[in-house]
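In mature numbering (1 follows the signal peptide of the UniProt record, and there is no 0), the protein residues as written are -23 to -1, 1 to 612.
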């Protein structure tokens, strides 16, 4: 049996080396440790993802990490956001990764970069761009399929050329770069692909950062995930026998530092579940056990953030389950940047091993902005709205999101019925992920991938009736079997056993809400954007109360939008998509509203809500200073 011995002396020396230096970061295999400039070194790192945090808050979150006693941060890199269109690369605004890394360096934090290209991370398609499925529908993702690697190589060449000046060996803070991500959990086990990826990264990093892999603490997983010449690390959460976990790593890396690359402080949550919670006492015990062994630890997540827009992913186990908008993760720093009891417990534990720095941080005040009245101005099924969207397609058979070059959002399928039936069945064998069915604008029911419902009883149809089916992409699978998760209607549609043809399709990707405001402004001049049925857009306006108490650093205070009285839909504030809500399922009943997304007084803010089931003459919503969710028990 491989033995794991405590290395307390090394641990004490290593954790003392917290001041960021330009020393060279390497592995000393003889001494089973990392070294910085030839001296023993270890990191306690915090996972936080730049793409889940408003850019204006990056420094605040990084400083809070440093104040807790950690000396590094770890971030995934989300390919799908940086190359939303093939061949067009974006490192601006909230995707300015070099700026994020430089901020970390300014805050005396080393950086562990996890570029994937697959990242999981509970993100849509695991961070891979959807257009891979459009360009090559039969592509074999995460393998040496040339239809995959040609795009991966192009992306990694751009990314690593951009980031290489920030590698440790070139004076930057990036000490480690991960190759792929938990590849041992993937069915392909394509060793040639892993070697190819290793060589791509090596060409860019040379010896200026340590390359590593991460896999679950299982021999079976490491068997596929381990890459020759790349240091193998493991991941596991609290409540386990820490020594036994590291014995698995030792089987594949007999010498070198112990590393847990994802030590879970909480967990993610799907719609319809309880909010995931992990007991702080259990976290502290396992963390202490690892510290006493001299292990290097990346705490996942230290700050989770938010899946703004349609970026949340999904899992595929016994059934399909999609992730909620919040990525709070029960992390030490909450979704809104607040310091939790778990944060202070970790800080206190680390203080026993290292002298804490004198950095002042605090939990920010939140804004309670009260009630906002909303007016209905548009609906999906309105001919005017379909015209304003401008993306209408015709085909004899239904087409997928990908075939229509659509990433997120909703797709409306419509056809005219050419026959009569009573007490008949509408059947769609393959629909992803969630569909609401209307006849002549009247709601008839829904079909759900998660619930495996593919049939709907229809009392009566007649010639000339319009069948409308609105299909939502609830998130491409980011973990599990991880196959090509195309979206929309992927089969024939049957009514009474007869195949329906001649489809019109309207794309609702919701890159903005300009069309809604157009309907609102010109509604009194005969521009009618409303229709029967649901999927109603409501517009409201509000101003942040004018007082110094409602602002920090010239920005309004963060807030939470209470959506508990609504059903299912999406929210935009000032044309920014805050994400989905699904209050009929829970457990999330409010959406985080960063103050930087709001306009200070006396300027007016615009809120647009699309609710799938409420069609009322008016609504009201409330801004609260606390989040609303079900917190029934630890899971």
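Each residue gets a CB set at the ideal place from its N, CA and C atoms; glycine is no exception. Bear in mind the structure is a predicted one, so any value in this text is a computation, not a measurement.
Do residue i and residue j have their C-beta atoms within less than 9 Å of each other?
i: residue 322; j: residue 281; result: no
i: residue 299; j: residue 316; result: no
i: residue 92; j: residue 54; result: yes
i: residue 279; j: residue 25; result: yes
i: residue 108; j: residue 62; result: yes
i: residue 455; j: residue 99; result: yes
i: residue 190; j: residue 203; result: yes
i: residue 235; j: residue 259; result: no
i: residue 48; j: residue 90; result: no
i: residue 58; j: residue 302; result: no
i: residue 602; j: residue 552; result: no
i: residue 470; j: residue 390; result: yes
i: residue 349; j: residue 584; result: yes
i: residue 185; j: residue 145; result: yes
i: residue 313; j: residue 264; result: no
Grab me the residues of residue i's own chain with a C-beta within less than 8 Å of its C-beta, minus the 5 sequence neighbours each way, in chain order.
i: residue -23; result: Confidence at residue -23 is low in this model, with a pLDDT of 45, below 50, so the placement of that residue is unreliable and no value is reported for it.
i: residue 261; result: 322, 323 and 326
i: residue 611; result: Annotation note: pLDDT 31 at residue 611 (below 50); position unreliable, no value reported.
i: residue 592; result: 353, 356, 509, 510, 511 and 513
i: residue 40; result: 84, 336 and 338
i: residue 198; result: 159, 161, 162 and 192
i: residue -10; result: Confidence is the limiting factor: at residue -10 the pLDDT is only 42, short of 50, which leaves the residue's position unreliable, though a coordinate-based value still follows. 10, 11, 17, 18, 19 and 271, listed in sequence order.
Starting from the C-beta of residue i, find all residues in its chain whose C-beta is less than 6 Å away, skip the five residues before and the five after it, and write them out in chain order.
i: residue 409; result: 426 and 464
i: residue 143; result: 78, 149 and 151
i: residue 515; result: 351, 353, 586 and 596
i: residue -13; result: With a pLDDT of 38 at residue -13, under the threshold of 50, the modelled position of that residue is not reliable, and the figure given next carries that caveat. Hits under 6 Å: 271.
i: residue 422; result: 414 and 433
i: residue 290; result: 99, 100, 101, 300, 452 and 455
i: residue 129; result: 94
i: residue 138; result: none
i: residue 226; result: 211
i: residue 238; result: 191, 210, 212 and 275
Would you mind reading off the limits of the beta strand (DSSP E) that contains residue i?
i: residue 422; result: 419 to 425
i: residue 177; result: Careful: residue 177 lies outside any beta strand (DSSP E), inside the alpha helix (DSSP H) at 168 to 182.
i: residue 237; result: 236 to 241
i: residue 44; result: Looking at the DSSP string, residue 44 is not in any beta strand (DSSP E); the run it does join, the alpha helix (DSSP H), is 35 to 44.
i: residue 193; result: 187 to 193
i: residue 250; result: Note, residue 250: premise wrong, no beta strand (DSSP E); not H, not E.
i: residue 2; result: 2 to 5
i: residue 607; result: Careful: residue 607 lies outside any beta strand (DSSP E) and carries neither H nor E.
i: residue 627; result: Residue 627 lies beyond the residue range present for the chain, which begins at -23 and ends at 612; the question has no answer from this structure.
i: residue 152; result: 151 to 155
i: residue 210; result: 208 to 212
i: residue 434; result: 432 to 438
i: residue 273; result: 273 to 277
i: residue 17; result: 16 to 18
i: residue 11; result: 10 to 13
i: residue 30; result: No beta strand (DSSP E) contains residue 30, which DSSP labels as neither H nor E.
Using a Cβ-Cβ cutoff of less than 7 Å, which residues in the same chain neighbour residue i once the five nearest sequence positions on both sides are dropped?
i: residue 363; result: 369 and 483
i: residue 440; result: 394, 395, 396 and 397
i: residue 221; result: none
i: residue 207; result: 156, 175, 188, 189 and 190
i: residue 311; result: 305 and 317
i: residue 589; result: 413, 511, 512, 544, 545 and 546
i: residue 495; result: 365
Run the proximity test for residue i: is its beta-carbon closer than 8 Å to any non-hydrogen atom belonging to the ligand GDP?
i: residue 150; result: Questions concerning the ligand GDP fall outside what the structure shown contains, since it holds no ligand whatsoever.
For my contact list, residue i and residue j are in at a C-beta cut-off of 8 Å; report their separation, rounded to the angstrom.
i: residue 173; j: residue 121; result: 6 Å
i: residue 386; j: residue 487; result: 5 Å
i: residue 519; j: residue 582; result: 5 Å
i: residue 240; j: residue 275; result: 7 Å
i: residue 604; j: residue 560; result: Not quite, the Cβ-Cβ distance comes to about 13 Å (not below 8 Å), so this is no contact.
i: residue 72; j: residue 28; result: 7 Å
Starting from residue i, trace the alpha helix (DSSP H) both ways and give me its first and last residue.
i: residue 229; result: 219 to 229
i: residue 324; result: 318 to 328
i: residue 124; result: 123 to 140
i: residue 260; result: 257 to 269
i: residue 200; result: 196 to 202
i: residue 83; result: 74 to 83
i: residue 57; result: 56 to 59
Consider the Cβ of residue i: report whether some Cβ of chain D lies at a distance smaller than 9 Å.
i: residue 225; result: The question asks about chain D, but that chain is absent: this structure has only one protein chain.
Uninterrupted alpha helix (DSSP H) stretches inside the segment 563 to 599 (no shorter than 4 residues): Segments of the alpha helix (DSSP H) lying fully in the segment 563 to 599: there are none.
Segments of 3+ residues assigned as beta strand (DSSP E) that fall wholly inside the segment 338 to 415: 347 to 356, 369 to 372, 387 to 393 and 398 to 404
Unbroken stretches of the beta strand (DSSP E), 3 residues or longer, contained in the segment 477 to 556: Taking 3 residues as the shortest admissible run, the segment 477 to 556 contains the following complete beta strand (DSSP E) segments, listed from N- to C-terminal end: 480 to 485, 513 to 519, 536 to 539 and 545 to 550.
Whole runs of the alpha helix (DSSP H) within the segment 89 to 115, excluding any shorter than 4 residues: 108 to 112
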